[in-house]
Amino acid sequence: MTGRTLAIARKELIQLRRDPRSLILAFLLPPALILFFGYAIRFDIDDIRLVVWDGDRTQTTDRLVDAFVRSGKFTVVGRLTDYGDAGDWLVRGDALAVLAIPPGFTADLAAGRPAPLQLLLDGSDANTATIALDYAHGVARAFSVRATLEGRAIAPPVRTASRVWYNESLESRNMVVPGLIAVIGSIIAALLTALTIAREWERGTMEQLVSTPVREIEIVAGKLLPYLAIGLVDVALTVLLGTLLFQVPFRGSVLLLFLLTVPFLVASLTFGMFISAAVRSQVLATQFAMIATYLPALLLSGFIFAIANMPAILRALTYLFPARFYVDVTKAVFLKGVGLEVLWEEALALVLFAVAGLALTMRVLKKEVA
Amino acid sequence: MRLPSRRHVLELVRKERRQLLRDPRTRMIVFVAPIVQLIVFGYAVNTDIHDVATIVVDYDVTPASRRLVDAFTASGRFRVTDRGTRSAAALEALESGDAVVALEIPAGFAADLAAGRSPSVQILVDGTNSNTGTVALGYANRIVQRFGAEAGSALAVRRGFEPLPAGVDLPARAWYNPGLRSRDYNVPAVIGAVLMLMCLLLTSLAVAREREAGTLEQLMVTPLTPAELMLGKTIPVSVVGLIDLALVTTVAVAWFRVPFRGSLLTLLVAAVLYIVAGLAFGLLISTVSKTQQEAFMTMFLFFLPAIILAGFLYPVHTMPALFRWLSVLDPVRHFLTIVRGIFLKGEGMAGLWPEYLILAGMAFGALGLAVTRFRRSLA
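What follows is the structure, given as structure tokens:
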């Protein structure tokens, strides 16, 4: 069996070598994606364009605006002389937020009356706006505490000692890079194999292959091996770039990561092959593969959008994608440094996916050949 | 070169339409998949933080500590999923991912609070998802702060002082999206992504398939001109794209209740330009590829950066300058600016004309290029 499997694997490799665009996809896509995501994607919001309308104009209000700037999160891009212009800044997207300080602010603050500020936000990007609002609250709170406790011998009533674990600086890069490994893996796997069997059917070489004594398992294994190797190289490449170039912490075991990468890749590869064998048409296979892999891997894997936020039905749906489990694995191994004692459920799920994928592909192949 | 003849084009459109919609599986991909995608991804692209799984380790167990925990749950942002008796339980819950936030209240919390000794509450946050982590941490701090302010005021009154001064109040109003629902921002973006994918899927393999099947030679010996052939391929796909647009827009408004503040006509104009741009890029890819496999890979190498640079997953303005410049070449980015403007801000062409202009330029530029390439590949 090994001889025939290897022969098919070699044939598949030769075919791949003659197809430069597939090779580009296989070997240039992972580093390109890592660079792209590493440099281009920043969810960290630290340059909030703020416009200030100061209707009070005192030293206190200067200090307040200064507090916003010194937080490092806000950049004052303009000052309004007329409060009515606030809308223009927001609608054009030139500013994300407008801080309005009403006349009498300083007097109210000194007299112990509630001193209202007003923050107008462009809420269209709700995520950015929520975080900006949060920073603004932080600045205002700190300012408020300093202003009201001035000269009073009262300690702040409750202290919070907050600590962030696993991704101490809350950098989005540390979340994106491990997740990206899973996305790259599922894309590469499904796309590279989506056409392998459909192509043979369209060209008529499948009949030739069937007429040889080769068995289904040998066809599947032979077509699987080269892509599995490519997938593993890709994962290694991504891990290296992520940790060396972007300094993403890697706290767990490399061995465990690769041990669990194998069933994940087998599951994704056989999924692509299954589509390919089931529809027998290259056009349809690509359409199915694109719809069933790229966007789901990006959006349903928990790579960026937390699965916990999704409604129950959708959460249930995510269990159909091996990428979901693998994202859990990569994030946990990279950032938390945990082992199988925590990840055994994910490991089990990945192995089940791999076995199911192999069985399904072989079944479809058998039925078609007969 | 003669002008495209109406009869030729109509005949071709009929043939392409038949070829496109003959296969029930293709019909499903064309008409059902966009709706399913929009619904599924519409629910997925949600960054609103609520019901964050929280483990509470309360060493104090007093009315005061319970009030603090209640303040967390009453906010709607946190849901207590577990209670532990040891700090180690919090560690385990965070490690296994069962909880994202751990709240630890020290022994003597109530006594310290009453005596004005500033007890310290410990909040641990799993930062693995930096977005959830940032927002949850902010909410948690704010809740403790408010709790503390109330307790402090009560303490001051009890000691015969005046209540603490009110301090700075920061009411905020979010325009365009008052509830700060991330879905309102992201669902229109999903429309853009789904439409582009559909256009590319339907066109990028079209010419390559005819070449592989050998039917391209047959077409070449007919008196059809390249322009007629391209029109014949683009018109049915445009119609399909517009039907898809109607379907997904209906789902966005009726199902997800995304506000639609602009005019349908401006959306329609933008969509026509965008769809033509999408399928022109698809055809261009098809004419530069010899096999379907090549066409597919090229299509993917186009679609992937197009989505990444579009500002779909994160705002364009946070990207480094180089990527911001690159994104100007991305039709998806311009379409997203337009749909978000139309849906949320009710903007019209007056404010969005640069985007319309760029989209139009891309659409006709790419279409012209595709026709030229196609003519050359025929010759």
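As they're listed, the protein sequences go chains R and P. For what it's worth, my numbering labels the leading residue of the first sequence as 1, then goes sequentially. For what it's worth, my numbering labels the leading residue of the second sequence as 1001, then goes sequentially. Heads up, the beta-carbon is just placed ideally off N, CA and C, and yes, glycines get one too. Keep in mind it's a predicted model, so treat the numbers as computed, not measured.
Under DSSP, the beta-bridge partners assigned to residue 1055/P are 1082/P and 1102/P.
With a 10 Å radius around the Cβ and a threshold of 16 neighbouring Cβ atoms, residue 319/R comes out exposed. Fully contained in the segment 1313–1378 of chain P are the following alpha helix (DSSP H) runs of length 4 or more, in chain order: 1321–1327, 1331–1340 and 1349–1378. In the DSSP assignment, residue 97/R falls within the unbroken beta strand (DSSP E) covering 97–101.
Across the segment 287–319 of chain R, CB contacts with chain P closer than 9 Å involve 287, 288, 289, 290, 291, 294, 295, 296, 298, 299, 300, 302, 304, 305, 306, 307, 308, 309, 310, 311, 313, 314, 317 and 318, in sequence order along the chain. Taking 8 Å as the threshold, the shortest C-beta distance from residue 190/R to chain P does not fall below it. Chain order gives the chain R residues near residue 1175/P as 87, 90, 91, 120, 121, 122, 123 and 124, where near means a beta carbon separation below 9 Å.
For residue 300/R, no alpha helix (DSSP H) run applies, since DSSP gives it neither H nor E.
Between residue 263/R and the set 52/R, 34/R and 356/R, the nearest pair of CA atoms involves 356/R. Counting of Cβ neighbours within 10 angstroms places residue 1143/P among the buried residues, the total reaching 16 or more. By the rule that beta-carbons nearer than 8 Å mark a contact, residue 73/R does not touch chain P.
In the three-state DSSP reduction, residue 115/R falls in the strand class (E or B). Residue 1305/P and residue 1324/P have their alpha carbons spaced roughly 12 Å apart.
Residue 59/R and residue 109/R have their alpha carbons spaced roughly 13 Å apart.
Residues of the segment 1265–1298 of chain P whose Cβ lies closer than 9 Å to any Cβ of chain R, in chain order: 1289, 1291, 1292, 1293, 1294, 1295, 1296, 1297 and 1298.
Chain P places no beta carbon closer than 8 Å to that of residue 349/R, leaving this residue out of the contacts.
Residue contact with chain R for residue 1185/P: present (Cβ-Cβ distance below 8 Å to some residue of chain R). Cβ contact annotation for residue 22/R (same chain, cutoff 7 Å, sequence separation greater than five): 16 and 192, in chain order. By the criterion of at least three beta-carbon pairs nearer than 8 Å, the segment 1005–1015 of chain P is not in contact with the segment 270–280 of chain R. Counting only unbroken stretches of 4 or more residues, the alpha helix (DSSP H) elements lying wholly within the segment 1105–1155 of chain P are 1109–1115, in sequence order. Boundaries of the alpha helix (DSSP H) harbouring residue 201/R: 196–203, taken from the DSSP string.
For residue 235/R, the three-state secondary structure derived from DSSP is helix. For residue 1033/P, the closest Cβ of chain R is nearer than 8 Å.
Across the segment 1018–1046 of chain P, CB contacts with chain R closer than 8 Å involve 1023, 1025, 1026, 1029, 1033, 1037, 1040, 1041, 1043, 1044, 1045 and 1046, in sequence order along the chain. Taking the beta carbon of residue 1133/P as reference, the chain R residues within 8 Å of it are 164, 167 and 170, listed in sequence order.
Residue burial annotation: residue 1028/P is exposed, with fewer than 16 other C-beta atoms found within 10 angstroms of its C-beta. By DSSP's assignment, residue 52/R forms a beta bridge with 79/R and 99/R. Contact of residue 333/R with chain P is not assigned, every C-beta pair being separated by 8 Å or more.
Contact check between the segment 174–183 of chain R and the segment 236–243 of chain R: three or more CB pairs, one atom from each, fall below 8 Å, which counts as touching. Annotated as distal: residue 303/R and residue 252/R, with beta-carbon spacing of 8 Å or more. With 16 or more other CB atoms across the displayed protein chains lying within 10 angstroms of its CB, residue 199/R is buried. Interface flag for residue 1218/P against chain R is unset, since no Cβ pair is found closer than 8 Å. For the segment 1048–1059 of chain P, the set of residues with a beta-carbon nearer than 9 Å to any beta-carbon of chain R comprises 1048, 1049, 1050, 1051, 1052 and 1053, in chain order.
The C-alpha of residue 1074/P lies about 11 Å from the C-alpha of residue 1050/P.
Within chain P, the residues placing a beta-carbon under 7 Å from that of residue 131/R are 1134 and 1135, ordered along the chain. Counted as a single uninterrupted DSSP element, the alpha helix (DSSP H) harbouring residue 1198/P occupies residues 1182–1203.
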